[in-house]
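Take a look at the structure set out below.
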Amino acid sequence: MNLLMCGIIGYLGKGAAQESLIDGLKRLEYRGYDSAGVAFHEGNEFSMARETGRVKNLAESVHKKASSSSLGIAHTRWATHGAVTVSNTHPHMSQDGKFVMVHNGVIENFGTLKKFLAGKGISFVSETDSEVLCNLIAYHYSELPEGEDRFIDAVRSALPQCRGAYGIAVLCLDYPETMIGARRGSPLVVGLGEDANFIASDASAFVGRAKEAVFLNDGELAILKGNEFRISTMEGQETQAISHPVEQISEEVELGDYDSYMEKEIYEQPKALENTLRGRFGEDGTTAKLGGLEGHEDELRNLDRIIFVACGTARHACMVGEYLIEKLARVPVEVEHASEFRYRNSPKAGNSLVIAVSQSGETLDTLEAVREAKTKGLLTLGITNVVGSSLARETDGGVYQRVGPEIGVASTKAFSSQACLCAMLGLALGRMRDLSPTDGQAIVDGLNKLPKLVEEVLQKGDQIKELATKYSKAEHLLFLGRQSLYPVALEGALKLKEISYAHAEGYPAAELKHGPIALINPECPSVFIVEGTELSSKTIANMQEVKARKGPVLAIAPQSVEIPPEAADDIFRIPDAHEVIRPILANLPLQLFAYHFARLRGLDVDKPRNLAKSVTVE
Ligand code: F6R
C-alpha cells in the first residue's frame with residue numbers, strides 16, 4: 002500500500018503550463034519531497050517527466066524537454082509505504098494511455114479494486130493505490146457512450162467505489178481543454194487567474210498567478226473547461242462557488258535575502274505577532290476581543306472545561322495555553338494529542354469546549370478529533386493560520402493566526418502566534434469571569450509590548466549562533482523548564498531533534514531527579530529555561546545539581562534574575578516581561594539555537610528527513 006500526503010497542482014490556461022507547475026510544486030514541496038512528477042497534454046499523447054528526490058531534479062529534466070502544452074498536472078510525493086521509485090511517482094497513467102492523474106490521500110480498498118480491474122485484463126506498473134484509481138476511471142470511461150459528459154461521468158462513476166481519502170486532478174486525452182478535480186478528506190482548491198486556472202492542494206501553489214481561490218468541500222468536483230469552471234456534487238448537482246481573494250502576495254512566499262524559510266519565518270515574528278494582535282482588544286483596554294468567538298459568549302461564560310486537541314508544536318502552544326487559561330480564567334483545561342483524543346471515549350463533563358489548534362488546518366488527526374467532538378455534541382473552536390482550511394470550515398467558530406504562509410517544515414512563527422492567541426483567550430475568558438480590570442489591563446499592556454520585545458531578542462541572534470557553535474557536537478541534550486516554560490522545554494527539544502537529528506528531550510525541571518539526571522555527563526548539555534518568578538530559585542538549584550555532575554548548563558533567563566556564576570556555563574538573557582508573553586520570548590532563542598545547530602551540521606532545515614509540513618494521513 003502506498004499512503005500519500007503529497008502536494009498536487011494542475012494548470013489549464015493560455016500559456017505554457019510548465020513554469021507554473023514547477024513553481025507550484027516548489028511551493029508545495031513542504032507537503033512531501035520524496036519524488037516529483039509532471040504530465041502534459043500534448044494533443045495526441047501525454048508527455049511525462051518523473052524523478053526521485055527534490056523538485057529541483059524534476060525541474061532540470063522538464064527544462065530539457067521544454068513542453069509548450071497549456072494543460073498539465075504535477076505532484077510532489079511523501080511516501081509512508083512503498084519505495085521511493087520513479088514508477089511509484091505521480092502522475093500515474095491508465096494502461097490505455099487515455100488518462101493521467103495525480104492523487105493526495107489513500108484509497109483504502111485499492112486491493113479489491115485492483116483485483117476487479119486485473120480481472121478485466123488491466124495490469125499495473127506501480128505499487129500505488131493511485132494507479133488503481135486512474136485505471137478505474139479509464140475502465141468506466143470505456144464502458145460509457147461517447148458524448149460531452151463522458152469524461153466527467155467516468156470520474157463520477159469511479160469515485161463512489163473508493164473508500165478512503167483523496168484529492169485528485171485528472172486529465173483525459175480526448176478532452177484537450179478540460180481538467181477535473183475532486184476531493185474527499187484531502188484538501189483541494191481551485192485558483193482563478195486571468196490567463197489560467199488551477200487546481201491545487203493549497204493556495205500557496207498559485208500565489209502570484211491566481212487572484213481568487215475557491216475551496217472545495219468534501220464530496221465536490223471541480224470541472225475546469227477552457228477558461229470556465231464549475232463546482233458540483235458527486236451526483237452532478239451544481240453548487241455555488243464561493244471565492245476568496247488570494248491575499249498572500251508573492252513576497253510572502255519568496256525567500257528574499259534569507260537562506261531558508263525557517264530563518265525567514267523566525268525573523269518575521271515581530272511583524273507576524275503584530276498581525277495576530279491587531280484590532281483584537283476591547284475599547285476599555287482590559288480584555289481581548291476575538292471576532293470568531295462572537296455569538297458564543299454565553300457558552301464561554303458557562304464553561305466547565307476546555308479540551309485542546311492538536312499535534313506536535315501546535316500542541317505545545319496549547320500546553321502554554323493550559324497554564325495561562327487556568328491561571329487567568331480558572332477554567333479546567335486539558336491538552337490532548339489529537340491522535341489520542343479521537344479514539345478515546347473522553348467522559349462528557351458539564352459544558353466542555355473543544356479547541357483545535359493547527360497551523361495548516363489540515364492535520365488529519367486534529368480534524369478527526371474535531372469531528373469526534375462534534376459527534377458528542379461539544380462546541381468546537383479552531384485556531385488556525387490558513388484561511389478557508391478544513392479546520393476553519395469545520396469548527397463552530399474560531400480565530401485566524403494571521404502570520405502569513407509558514408513554509409519551513411519546522412513550525413516557528415505559528416507557535417508564537419498560537420501561544421499568543423491562547424493568552425488572549427485566557428484574558429477574554431478571565432474577564433468574563435473574575436479577572437479584575439487592573440489585571441486585564443496589565444495583560445493587554447504586556448501583549449502589546451510583545452512584537453517589540455521579540456525584535457529585541459532576535460537582534461541577539463549572533464549570540465545564539467555562538468552558543469549553538471559551542472554545543473553543536475552534542476548528540477544528547479536536555480531541555481528543562483517549569484510551569485508555562487515546561488512546554489517551551491518540550492518545544493525546544495522537538496525543534497532541535499526534528500531539524501538537527503540530535504537526540505533531545507524536554508522535562509519539567511524538577512522531574513530531572515526522577516530519572517533523566519542519570520544521563521548527565523560532560524557530553525550532555527542541559528538547557529534550562531528560567532522563569533523569573535518565585536520558582537526561579539528552585540530551577541537554579543536544579544541547574545546546580547547538573548553542574549555538580551559535570552553537566553554543561555546553558556540558561557535562558559530574564560534580565561533581572563540573578564544566577565550565581567557556578568550555576569551555569571552560559572546565560573542568554575531575555576527581557577523581563579509579563580508572564581503571559583514570557584513563554585514566547587523564551588522560545589525564540591531555542592528556535593535560533595536549533596536553526597544554527599542544524600545549519601552547522603550542514604543540514605537542510607526547511608526539509609528535514611522523513612518529515613512533511615502538513616500531516617494529512619493518520
Ligand atoms: C514541528 C511541527 C509539527 C506540527 C504538527 C501539527 O515543528 O511543525 O509538529 O506542529 O505537525 O501541524 P499543524 O499545526 O499544521 O496541525
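Each residue of the sequence shown is one higher than the last, beginning at 2 in my numbering. Glycine residues also receive a C-beta, built at the ideal position from the N, C-alpha and C atoms.
Within the region 433-471, complete alpha helix (DSSP H) segments of at least 4 residues are found at 438-459, given in chain order.
Ranked by Cα distance from T439, the first of Y472, L329 and K414 is L329. For K226, the enclosing beta strand (DSSP E) covers residues E221 to K226. Going by DSSP, V554 is part of the beta strand (DSSP E) stretching over V554 to P559. L593 and L451 have their C-alpha atoms spaced approximately 18 angstroms apart.
Non-local C-beta neighbours of C7 in its own chain, meaning closer than 7 angstroms and more than five positions away in sequence, comprise R32, G33, H76, T77, R78, W79 and N105, ordered along the chain. A587 is a Cβ neighbour of I575, given a cutoff of 8 angstroms.
A direct Cα-Cα distance of roughly 58 angstroms separates E178 from D285. Comparing alpha carbon positions, the residue from L555, N522, P559 and G552 closest to E535 is P559.
Annotation: the continuous beta strand (DSSP E) that includes H477 extends over H477 to G482.
A buried status is given to P590, since no fewer than 16 other beta-carbon atoms sit within 10 Å of its beta-carbon. For S36, the secondary structure class from DSSP, reduced to helix, strand or coil, is strand. Looking at the backbone, the Cα of A505 and that of K414 are separated by about 21 angstroms. Taking a cut-off of 8 angstroms for Cβ pairs, the region 303-315 and the region 350-361 touch, as three or more such pairs fall below it.
Excluding its 5 nearest sequence neighbours in each direction, T53 has C-beta neighbours in its own chain below 8 angstroms: D35, S36, V85, T86, V87 and T90, listed in chain order. Following the DSSP letters along the chain, one finds R403 in no alpha helix (DSSP H), marked with neither H nor E.
Annotation: G293 to V387 spans about 14 angstroms, alpha carbon to alpha carbon.
Contact check for F125 against K116 fails: the beta carbons are separated by 8 angstroms or more. If you compare the alpha carbons of K377, E213, A429 and E221 with that of A289, the shortest gap goes to A429.
With respect to A469, F598 sits close: the two C-beta atoms are nearer than 8 angstroms.
Excluding sequence positions up to five before and after R583, its CB lies less than 6 angstroms from no other CB in the same chain. For S187, the Cβ stays outside the 7 angstroms cut-off from all heavy atoms of ligand 1. Taken from the Cβ of G313, at least one heavy atom of ligand 1 lies inside 7 angstroms.
Non-local beta-carbon contacts of V103 in its own chain, meaning distances under 6 angstroms to residues more than five positions away in sequence, involve I9, I74, H76, H91, P92 and A170 in chain order.
For L495, the number of other beta carbons within 10 angstroms of its own is at least 16, and it is reported as buried. As a beta-bridge residue in DSSP terms, M180 pairs with L225. Following the DSSP letters along the chain, one finds D571 in no alpha helix (DSSP H) but inside the beta strand (DSSP E) bounded by residues D571 to I575. Burial of G182 is indicated by the presence of at least 16 other C-beta atoms within 10 angstroms of its C-beta.
Look at G283 here: in three-state DSSP terms it is coil, with no helix or strand label. Judged by DSSP in its simplified three-state form, F125 adopts coil rather than helix or strand.
Here the alpha carbon of E213 sits roughly 56 angstroms from the alpha carbon of G552.
In this structure, L29 lies away from L72, with their beta-carbon atoms at least 8 angstroms apart. Contact between A159 and L137 is confirmed by a C-beta separation of about 4 angstroms, below the 8 angstroms threshold.
The nearest non-hydrogen atom of ligand 1 is less than 7 angstroms from the C-beta of E499.
When C-alpha distances from R394 are compared across L459, T381, R602 and Q545, the shortest belongs to T381. Straight-line spacing of the CA atoms in F230 and E221 works out to 13 angstroms.
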